[in-house]
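Novice: Taken in order, the sequence shown gives residues 411 to 653; the numbers are from our numbering. Below is one structure. I have some questions about it.
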Amino acid sequence: AMLELVRLQGLGERRPHQLSGGQRQRVALARALARRPRVLLLDEPLAALDRKLREATQFELTRLQRTLGTTFVIVTHDQHEALSLANRVGIMDAGRLVQVDRPETVYERPVNAFVADFVGAANLLAGTVRGREGDTLVIEAAGATVRVIGAMSPTPGTAVKLLLRPEQLTIGDTAPVSHNRLGGTLTAAAYGGDRWRYAVAIGDGLTLTVSEPNAVHPAHGTLAPGAAVTVSWAPAVGRVLDA
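This is how it looks when you write it as C-alpha cells:
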C-alpha cells in the first residue's frame, strides 16, 4: 500500500541501483511515512535532484501531504521550492523568525527589505517620501518622482525602500501615461525560453532587473546591450518598506 501511495507499485523487488534518482527519493519518503507520523521533518529533501525531477517531486510531495494529512516541515534554501510547496512559509534572519505567512503574502507583501530580497528576485530602490496625492504616495527615487497607490503613510522626508519585482517591470514606451518611468541603458539580456531577463543601468550605480514573457514581447530579443530603454511599471504594483 505504501509503494502504491508513492507510485512505485511493481518495483518492490528492484535493487537500489536499478531505481532512478526520483524513485529512490520516493522510497525514502515511503520509509519515513510507513509509521504514519503526525509530523514529518524533511531537511533539503530535493537538493540532490536535477531541476526537472525536483519540480516533478514537488507535485508528489504536495499530493502525499494532502492524501495523508501529515504535517510536513520542510527545510530548504531554495526560495522557489518553499513558495511552491508550502501552505505557510517562515523566514528566519539571524536565527529569528521575522515573517510567517502564506507564500503569496510573503512574496507580495514582505514585512521588511530582508524578506523582500531573500524571497525571489527583488529591485530595492532607496527613496524619500515627498507627500501624498489622495491614495497615492509620492516618492523621490533613482532621480525621478514615482507614485505608489495604497502604500503606507510615512511623513514627508522619511527614507524608504521601494520594492519592485522584475516581473512587475516592462521595457518599452507603450505603457499608459499613468505609469512610472525610468530611463536607462540595457547592459545585459538573457534568454530563458519562456522569458527574457534584462539588466538596465539607471544611473548612480543602480541596476534594475526586468523579467518579461517571451510570448508578450518577442521583439525584445533584438535588444542589444548599450541600447537606451525605458522601464515602466504601474503605480499599483511595488511595495514601500522601511529603509
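Glycine included, every Cβ here is placed at the ideal spot set by N, Cα and C. Predicted model only: the values in this text are computed from it and were never measured.
Rounded to a whole number of angstroms, what is the C-alpha to C-alpha distance between residue 440 and residue 416?
Specialist: Those two C-alpha atoms are separated by around 7 angstroms.
Novice: Is the number of C-beta pairs between the stretch 542-552 and the stretch 601-618 that are closer than 8 angstroms three or more?
Specialist: Flag = yes, the stretch 542-552 and the stretch 601-618 touch.
Novice: By DSSP, does residue 651 sit in helix, in strand, or in coil?
Specialist: It is a strand residue.
Novice: Within 8 angstroms, do at least three Cβ pairs link the stretch 581-599 to the stretch 636-653?
Specialist: Output reads yes: the stretch 581-599 touches the stretch 636-653.
Novice: Just to confirm, are residue 470 and residue 436 a CB contact at a threshold of 8 angstroms?
Specialist: Cβ distance < 8 angstroms, so residue 470 and residue 436 count as in contact.
Novice: So, using beta-carbon positions, are residue 501 and residue 455 closer together than 8 angstroms?
Specialist: It is not a contact, given that the beta carbons lie outside the stated cut-off.
Novice: Is the beta carbon of residue 580 less than 8 angstroms from the beta carbon of residue 539?
Specialist: Cβ atoms of residue 580 and residue 539: not closer than 8 angstroms.
Novice: Count the other CB atoms within 10 Å of the CB of residue 517; is the residue buried (16 or more) or exposed (fewer)?
Specialist: Classification of residue 517: buried, given that the 10 Å Cβ count is 16 or more.
Novice: My parser needs the beta strand (DSSP E) runs of 3 or more residues fully inside the stretch 416-482; what are they?
Specialist: Listed in chain order, the complete beta strand (DSSP E) runs (minimum 3 residues) inside the stretch 416-482 are 449-453.
Novice: Going by the CB atoms, is the gap between residue 530 and residue 575 shorter than 8 angstroms?
Specialist: The answer is yes: Cβ separation under 8 angstroms.
Novice: Bridge partners of residue 557, per DSSP?
Specialist: According to DSSP, residue 557 bridges with 548.
Novice: Here's a check: name, in chain order, each residue in its chain whose Cβ is nearer than 6 angstroms to the Cβ of residue 521, leaving out the five neighbours to either side.
Specialist: Contacts found: 509.
Novice: Given a threshold of 16 other Cβ atoms within 10 Å of its Cβ, counted over all protein chains shown, does residue 385 qualify as buried or as exposed?
Specialist: No information on residue 385 is available, as it lies outside the stretch 411 to 653 that the chain covers here.
Novice: For residue 564, does the three-state DSSP call read helix, strand or coil?
Specialist: Residue state, collapsed to three classes: coil.
Novice: Can you tell me whether residue 413 is helix, strand or coil according to DSSP?
Specialist: Note: residue 413 maps to helix in three-state DSSP.
Novice: By Cβ distance below 7 angstroms, which residues in the same chain neighbour residue 519 in space, the five residues on each side in sequence not counted?
Specialist: These residues qualify, in order along the chain: 649.
Novice: Once you ignore the five residues that flank residue 652 on each side, which residues in its own chain have a CB closer than 8 angstroms to its CB?
Specialist: Within the same chain, residue 652 has close Cβ partners 522, 523, 570 and 571.
Novice: Can a CB atom of chain B be found closer than 8 angstroms to the CB of residue 653?
Specialist: The structure shown contains no chain B; it holds only a single protein chain.
Novice: Mind checking residue 422: buried by the 16 CB within 10 Å criterion, or exposed?
Specialist: Exposed is the call here.
Novice: For residue 621, report the span of its beta strand (DSSP E) as first-last.
Specialist: Unbroken beta strand (DSSP E) run through residue 621: 616-623.
Novice: By how many angstroms is the C-alpha of residue 413 removed from the C-alpha of residue 426?
Specialist: One C-alpha to the other measures close to 14 angstroms.
Novice: Are residue 611 and residue 597 touching if we call contact CB-CB under 8 angstroms?
Specialist: Contact: yes.
Novice: Within 10 angstroms of the Cβ of residue 535, are there 16 or more other Cβ atoms? Answer buried if so, exposed if not.
Specialist: Residue 535 is buried by the Cβ-count criterion.
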